[in-house]
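Student:
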Amino acid sequence: MHMERPERFDVLPPAPLWSNPIVLDDFEFLTVDPSADPALQAEIRALLAKCGLDYEDGIDVFVICRPQGRLIACVGLEGNIVKCAAIEPDCRGESLSLKLLGEVVHLAVERGHSHLFLYTAPENQTFFRGCGFYPLVEVPNYVSLMENTPVGIRSYCNKLKTERKEGATIGAIVMNANPFTWGHQYLVAEAAKACDWLHVFVVAEDASRISYRDRYRLVELGIRGIDRVTLHHGSQYMVSRATFPAYFFKEKGMVGHCCTAVDLLLFRNFIAPALGVTHRYVGTEPFCPTTRKYNEDMKYWLQAAETGTPRVTVIEIPRTAVMGSPVSASEVRRLLDARDFDRIEALVPPATLELLYEKYRTVCFPPA
Amino acid sequence: MKIVKEALAGTLESSDLMVKVAPASDGTLDIVINSEVIRQFGAQIEKVVRDTLGKLDVTEGLVVIEDKGALDCAICARLQTAVLRGAECQDLDWSVLS
Amino acid sequence: MTLRRSMLFLPGSNAAMLSTAFVYKPDSIMFDLEDAVSLREKDAARLLVFHALQLPVYRDIETVVRINQLSTPFGPKDLEAAVRGGADVIRLPKTDSAEDVHQLEAEVERIERASGREFGSTKLMAAIESASGVVNALSIAKSSPRLIGIALAGFDYVMDMQTERGDGTELFYARCAVLHAARAAGIDAFDVVYSDVNNEEGFLKEVDLIKRMGFNGKSLINPRQIELLHNAYAPTEEEVDYARRVIAAAEQAERQGLGVIALNGKMIDAPIVNHAKRVLSRAQASGTRK
Chain A
1 MHMERPERFD VLPPAPLWSN PIVLDDFEFL TVDPSADPAL QAEIRALLAK CGLDYEDGID
61 VFVICRPQGR LIACVGLEGN IVKCAAIEPD CRGESLSLKL LGEVVHLAVE RGHSHLFLYT
121 APENQTFFRG CGFYPLVEVP NYVSLMENTP VGIRSYCNKL KTERKEGATI GAIVMNANPF
181 TWGHQYLVAE AAKACDWLHV FVVAEDASRI SYRDRYRLVE LGIRGIDRVT LHHGSQYMVS
241 RATFPAYFFK EKGMVGHCCT AVDLLLFRNF IAPALGVTHR YVGTEPFCPT TRKYNEDMKY
301 WLQAAETGTP RVTVIEIPRT AVMGSPVSAS EVRRLLDARD FDRIEALVPP ATLELLYEKY
361 RTVCFPPA
Chain B
1 MKIVKEALAG TLESSDLMVK VAPASDGTLD IVINSEVIRQ FGAQIEKVVR DTLGKLDVTE
61 GLVVIEDKGA LDCAICARLQ TAVLRGAECQ DLDWSVLS
Chain C
1 MTLRRSMLFL PGSNAAMLST AFVYKPDSIM FDLEDAVSLR EKDAARLLVF HALQLPVYRD
61 IETVVRINQL STPFGPKDLE AAVRGGADVI RLPKTDSAED VHQLEAEVER IERASGREFG
121 STKLMAAIES ASGVVNALSI AKSSPRLIGI ALAGFDYVMD MQTERGDGTE LFYARCAVLH
181 AARAAGIDAF DVVYSDVNNE EGFLKEVDLI KRMGFNGKSL INPRQIELLH NAYAPTEEEV
241 DYARRVIAAA EQAERQGLGV IALNGKMIDA PIVNHAKRVL SRAQASGTRK
């Protein structure tokens, strides 16, 4: 029925295939949540340490392999990000590592994540390439981001290309708009004036206090009337948990060098070329150190760094001020905590105020 | 058969393959094949994949194949498994599976 | 004469093993859909086995498929895949009575008719894994003309007996009962797996025991055990010599139309001729014992 490939039969399968009894699979894998089991957590921590890795809090679930009670392999899953993959040095071999990765990919699908991302040292790319992960960007000598599909970024860029506009100056803004303020409105209006066309993206990750749906809707209303602007939904490839994990944990006050680089290189190498973006616009950042750092990094990775893709000029637009103080979304969130809607009113367009009042008047926020 | 959800079948081990299927985003059938033996067997693998999908009457969706040098029979079986899982199909029609 | 000394177990979900196991040349290959396959992979294993069965390389080797019990959600689908895929033999796990075999037989008949497979071409074997099964061994062994053998499966059996695997004492009665039932019914008898693959000495000791008892062979979980087993079952030079002379005498008697076979002035009857044939087929398969 099918044509077969006799060449394969010339050699016996490699010995490891048969090195163990095969009634049951060679290795049994368990799915565990070590956050509730300190002893197990310590075991995983020790294995990771042996492999030069740190235990990360916030991992939803681990796949482990523990034949005869000895932990020899683990890999963690946080949402759609594969983390903390480690194998006991004396147990390393193609078979165990491939099984381990296969297990975690199956587990992720069961948990509703088929599109996975993975951070690894650049020298491990080849190994993970053999596990069905494809390199997205590499920060030389530092880290590589990979995804488990060969068509992910490509098909995303193909979709973006349909929105491409011709012109000498094509601008882009990526905003979280948490929530949309007069500051955002001013930034979009100023950028649009300077460009032949402007592309505005709303960060899609639903990790903010205000839902993505609401944030997107408020941007849509807020920029109405500004010409030559396309509003885009955000994606996994842009300020998401996958491309920029630290951004969503900024309470920790720490933004790694590599984290912003990965996100910015994705923009420069894939998104900007797809849309023909020549300029990226940002507001100056007087308050938030994370965002300020991001703006600084932007100048390096989009503009200065040699990457083999066209440079994107970064333009910082000074923030608009209301009554002498710059308008910022973080200030609005602070006022929201205090239910100070009178002062919020001055900083945001009417639609934002209405939504905040409707939805958050009675909500009790957990302390940040 | 219509793929209604993302589904996975197979492993990354030698002589096997991993198949991922996903619903179509734009009504087309996209097949992406990666193989360690793509140069010698790429065309043949694609033929097996297209024949198998044809018999199952899969006309749209995204099919990604990560081949580790599997035999045709394994390619066929893994692909059928992924499609049946992705179509949430429990009843097996053996005439389209052989 | 079909030799069934070695029956190699393969997890049905392992594509690599299914595609390459024939190179080890066991007498039979058993594709497992039952205990070696996790619940998540039952559907995948079924389709892999269905297609592997049709590989040309398995045309010259007896293929056995161990299905899940028919009372599970998997069993009936496994059976469809195995019969339609062309398995030579269906192995039924956890057979407690002749009724279990009758139920399987009826399903096999239905699938053969529906699929156009030659009626009666699917053979059966029953694995006995409980005290009830051992006690009912004879009625099980005689339950169907399709039955080619019965096998003792040790793991579940010793649990049922409230004991554990040891030096063989725990299997003493079961081995005798299964073997006698098989011989009385004129079918084959297979011994349990030996799971400590690194203990060659222990394996050979057990093989020696079951061969002397009269078992046709043994289920195996690692290809390394195949050659050891075949060698242990291989006859000595003297046995082959004697068998050749028995067969020559039988052929001569047949040519001359004699009703009685004689060798060196002694009368030889049918069981001796059959034994000689078995010795020669084992020698043909694996040579003489090393």
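Chains as they are written, first to last, in this note's numbering: chain A, 1 to 368; chain B, 1 to 98; chain C, 1 to 290.
The C-beta atom is built at its ideal place from N, Cα and C for all residues, glycine as well.
Just so we're clear, the structure is a prediction, and the values are computed from it rather than from any experiment.
1. Report all residues from its chain with a CB closer than 7 Å to the CB of residue 2 of chain B; omit the five preceding and five following residues, and keep chain order.
2. Could you give the residue range of the beta strand (DSSP E) that holds residue 118 of chain A?
3. So within the region 116-179 of chain A, which uninterrupted beta strand (DSSP E) runs reach at least 3 residues, ignoring any that extend past its ends?
4. Is it true that the CB of residue 9 of chain C sits closer than 8 Å to the CB of residue 193 of chain C?
5. Give every residue of the same chain whose Cβ lies closer than 6 Å to the Cβ of residue 369 of chain A, excluding the five residues on either side of it in the sequence, and list them in chain order.
6. Go ahead and pull the three-state DSSP assignment for residue 250 of chain A.
7. Which parts of the region 151-222 of chain C are runs of the alpha helix (DSSP H), unbroken and 4 residues or longer, counting only runs that do not cross its ends?
8. How far does the alpha helix (DSSP H) with residue 139 of chain C in it reach, from first residue to last?
9. Give me the residue from B:47, B:10 and B:92 with the minimum Cα distance to residue 99 of chain A.
10. Can you list, in chain order, the residues of its chain with a C-beta nearer than 7 Å to that of residue 1 of chain C? Leave out the 5 residues immediately preceding and following it.
11. For the pair the region 166-180 of chain A and the region 139-146 of chain A, tell me if three or more CB-CB distances fall below 8 Å.
12. Scan the region 84-129 of chain C and note each continuous alpha helix (DSSP H) run of 4 residues or more that stays entirely inside, going in chain order.
13. Going by Cα to Cα distance, which pick from C:145, C:229 and C:127 is closest to residue 119 of chain C?
14. What does the alpha-carbon distance come out to for the pair residue 239 of chain A and residue 108 of chain A?
15. What residue range is occupied by the uninterrupted alpha helix (DSSP H) comprising residue 273 of chain C?
16. Should residue 74 of chain B be flagged as near chain C, meaning a C-beta pair shorter than 8 Å?
17. Can you have a look at residue 162 of chain C and say buried or exposed, based on whether 16 or more other CB atoms are within 10 angstroms of its CB?
18. Helix, strand or coil for residue 63 of chain C per DSSP?
19. Start and end of the alpha helix (DSSP H) containing residue 95 of chain B?
20. Enumerate, from N- to C-terminal direction, the unbroken beta strand (DSSP E) stretches of 3 or more residues contained entirely within the region 222-267 of chain C.
21. Comparing C-alpha positions only, which one of B:32, B:51, B:24 and B:71 sits nearest to residue 5 of chain B?
22. Which residue's Cα is closest to the Cα of residue 226 of chain C: C:274, C:272, C:285 and C:246?
23. Please go through the same chain and pick out, in chain order, the residues whose beta-carbon is closer than 8 Å to the beta-carbon of residue 214 of chain C, but skip the five residues on each side of it.
24. What residues in the region 146-172 of chain A bring their beta carbon closer than 9 Å to a beta carbon of chain B?
25. Check each residue of the region 7-18 of chain B: if its Cβ is closer than 9 Å to any Cβ of chain C, include it; give the result in chain order.
26. If you draw a straight line from the C-alpha of residue 4 of chain C to the C-alpha of residue 46 of chain B, how long is it?
27. Along chain B, which residues have their Cβ under 8 Å away from the Cβ of residue 30 of chain A?
28. Along the beta strand (DSSP E) that carries residue 17 of chain B, what are the first and last residues, could you check?
29. Is the shortest distance between the beta-carbon of residue 77 of chain B and the beta-carbons of chain C less than 8 Å?
30. For residue 260 of chain C, which residues in the same chain have their Cβ closer than 8 Å to its Cβ, ignoring the five residues on either side in sequence?
31. Report, in whole angstroms, the separation of the C-beta atoms of residue 278 of chain A and residue 312 of chain A, which I expect to be a contact under 8 Å.
32. For the region 11-76 of chain B, list the alpha helix (DSSP H) runs that are entirely contained and at least 4 residues long, ordered along the chain.
33. Could you please give the first and the last residue of the uninterrupted beta strand (DSSP E) stretch that includes residue 416 of chain A?
34. Nearest CA to the CA of residue 53 of chain C: which residue from C:42, C:83 and C:69?
35. How would you write the range of the beta strand (DSSP E) that residue 281 of chain A sits in, first residue to last?
36. Considering only DSSP beta bridges, list what residue 197 of chain A is partnered with.
Tutor: Quick answer:
1. 87
2. 117-120
3. Taking only runs of at least 3 residues, the beta strand (DSSP E) segments lying wholly in the region 116-179 of chain A are 117-120, 134-139, 143-147 and 170-175.
4. Yes, these two residues count as a Cβ contact at 8 Å.
5. The structure shown does not extend to residue 369 of chain A, since chain A spans only 1 to 368, so no value can be given for it.
6. With a pLDDT of only 43 at residue 250 of chain A, under 50, the local geometry of the prediction cannot be trusted, and no value is derived from it.
7. 154-160, 172-185 and 200-213
8. 137-141
9. B:10
10. 277, 278 and 281, listed in sequence order.
11. no
12. 98-115
13. C:145
14. 21 Å
15. 270-286
16. yes
17. With a threshold of 16 other beta carbon atoms within 10 Å, residue 162 of chain C falls short and is exposed.
18. strand
19. 94-97
20. 261-263
21. B:24
22. C:285
23. 179, 183 and 189
24. Of all residues in the region 146-172 of chain A, 148, 149, 150, 151, 155 and 159 have a Cβ within less than 9 Å of some Cβ in chain B.
25. 9, 10, 11, 13, 14, 15, 16 and 17
26. Cα to Cα, the separation comes out at about 39 Å.
27. Within chain B, no residue comes near residue 30 of chain A; the closest Cβ sits about 17 Å away, beyond 8 Å.
28. 17-22
29. yes
30. Cβ contact annotation for residue 260 of chain C (same chain, cutoff 8 Å, sequence separation greater than five): 253 and 267, in chain order.
31. 7 Å
32. 38-55
33. No information on residue 416 of chain A is available, as it lies outside the stretch 1 to 368 that chain A covers here.
34. Here the closest residue by C-alpha is C:83.
35. Boundaries of the beta strand (DSSP E) harbouring residue 281 of chain A: 279-283, taken from the DSSP string.
36. A:170
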